Structure formats: C-alpha cells, structure tokens
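Input: a single structure, listed below in structure tokens.
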Amino acid sequence: MQDFRKLDVWHKAHALALDVRRVTRGFPRSGYTAQRSQILRAAESIPTNIVEGCFAASQKDFARFLEISIKSAGEVEYELQLAYDCGVLRYRNWKSLSADAVEVRRMTIGLRKKILSRLQGTE
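Our numbering numbers the first residue of the sequence shown as 154 and each following residue consecutively.
The following block contains the structure:
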C-alpha cells in the first residue's frame with residue numbers, strides 16, 4: 154500500500170477530472186446530459202482507479218487497476234473528440250484537455266510498466 158498523493162500521475166489525473174468537470178458545466182442542458190455524464194465518469198475513473206490500485210493487495214492488482222485507468226484515459230480522449238465534433242466543446246478546451254488526457258495515459262502506462270518489470274524481477 155502506498156500514498157496515492159505522492160504519485161505525480163494521480164495529481165495530473167485529479168487535475169484532469171476537475172478540469173473536465175469545470176468545462177462540461179458549459180454543455181447545453183438539452184440533449185447532452187448523457188454525454189456529460191459519460192465523460193465525467195470516465196475522467197473520474199482515472200484517478201479513482203489509481204487510488205484503488207494503491208490500496209490493492211498486491212502489485213499485480215495495482216497494475217490491473219492502472220490498466221483500467223489507461224482505458225478510461227482513452228475513453229476521455231474519445232469523449233472529448235466527440236464533444237468537440239458535436240460543437241459543445243471549444244477548440245481551446247478540447248486541445249488542452251486532450252493533451253492532458255494523453256499525458257495522463259502515457260504517465261500511467263509508464264508507471265504500470267515499471268510495476269510489471271519489478272514483478273518480473275521477483276519471479
């Protein structure tokens with residue numbers, strides 16, 4: 154078990170979730186409720202799974218939770234693209250949030266690889 158607050162990737166993922174929440178408040182009320190809900194769930198899933206992984210019983214389980222975070226980051230990338238293409242997300246917000254989602258995904262992949270390589274070294 155480790156303190157999730159010490160992980161740079163958690164801080165970046167948490168900031169992304171907060172930014173997505175802030176930006177999606179501007180989505181139109183009519184017709185975009187489901188899309189707003191989906192992007193929020195995906196964005197919040199990233200740091201949530203990092204936290205759950207920190208409390209996992211094993212490093213193997215931690216890596217599994219990180220894999221879920223990686224998939225959620227990919228989902229956020231798509232949902233941002235969809236929102237932009239539908240005209241409910243401004244270019245500036247789409248560009249910034251998409252770059253942050255990619256960075257979080259890459260950081261999470263790096264952490265997962267590090268954990269898995271340590272596991273291979275102990276087998």
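Every residue, glycine too, gets a C-beta built ideally from N, C-alpha and C. Only a predicted model underlies this, so the values are computations on that prediction, with no experimental measurement involved.
- [ ] Go through the stretch 173-222 residue by residue and report every complete run of the alpha helix (DSSP H) that reaches 4 residues or more, in order.
- [x] Taking only runs of at least 4 residues, the alpha helix (DSSP H) segments lying wholly in the stretch 173-222 are 186-207.
Task: Cα-Cα separation, Val-176 to Ala-226 - done: Counting from one through the sequence shown, the residue named residue 176 turns up at place 23. Counting from one through the sequence shown, the residue named residue 226 turns up at place 73. Using only the alpha carbons, I get a separation of about 17 Å.
Open item on the list: Please report the straight-line C-alpha distance between Pro-181 and Met-260, rounded to a whole angstrom.
Closed with: Start at 1 with the first residue of the sequence shown, and residue 181 comes out as number 28. Start at 1 with the first residue of the sequence shown, and residue 260 comes out as number 107. Their backbone Cα atoms lie some 32 Å apart in a straight line.
Open item on the list: Using 8 Å as the threshold, is the C-beta distance between Ala-195 and Glu-228 below it?
Closed with: Locating residue 195 in the sequence shown gives position 42, counting from the first residue. Locating residue 228 in the sequence shown gives position 75, counting from the first residue. Yes, the pair counts as a contact, with Cβ atoms nearer than the cut-off.
Task: Cα-Cα separation between Pro-200 and Tyr-244, rounded to whole angstroms - done: If you number the sequence shown from 1, residue 200 lands on position 47. If you number the sequence shown from 1, residue 244 lands on position 91. C-alpha separation (whole angstroms): 25 Å.
- [ ] Can you give me the Cβ contacts of Glu-230 inside the same chain, cut-off strictly under 8 Å, excluding the 5 residues immediately before and after it?
- [x] Numbered from its first residue, the sequence shown carries residue 230 at position 77. The answer, listed in chain order, is Ser-251, Ala-254, Val-255 and Arg-258.
Task: Option nearest Lys-267 by Cα separation, candidates Gly-240, Trp-247, Ala-236 and Arg-217 - done: As a working mapping, residue 267 is identified with position 114 in the sequence shown. Checked all of Gly-240, Trp-247, Ala-236 and Arg-217; the closest Cα to Lys-267 is Arg-217.
- [ ] Consult DSSP for Leu-171 and reduce its assignment to one of helix, strand or coil.
- [x] Residue 171 sits at position 18 when you count from the first residue of the sequence shown. For Leu-171, the three-state secondary structure derived from DSSP is helix.
Open item on the list: Quick check on the burial criterion: 16 or more other C-beta atoms within 10 angstroms. Buried or exposed for Phe-215?
Closed with: Position 62 of the sequence shown, counted from the first residue, corresponds to residue 215. Buried, since its Cβ has 16 or more Cβ neighbours within 10 Å.
Open item on the list: My output table needs one value for Gln-155: the three-state DSSP class, helix, strand or coil.
Closed with: Taking the sequence shown and counting its residues from 1, the one referred to as residue 155 is at position 2. Note: Gln-155 maps to coil in three-state DSSP.
TODO: Give a yes or no on whether the C-beta atoms belonging to Trp-247 and Ile-203 are separated by under 8 Å.
DONE: The residue labelled residue 247 in the question sits at position 94 within the sequence shown. The residue labelled residue 203 in the question sits at position 50 within the sequence shown. No, the pair does not count as a contact, with Cβ atoms beyond the cut-off.
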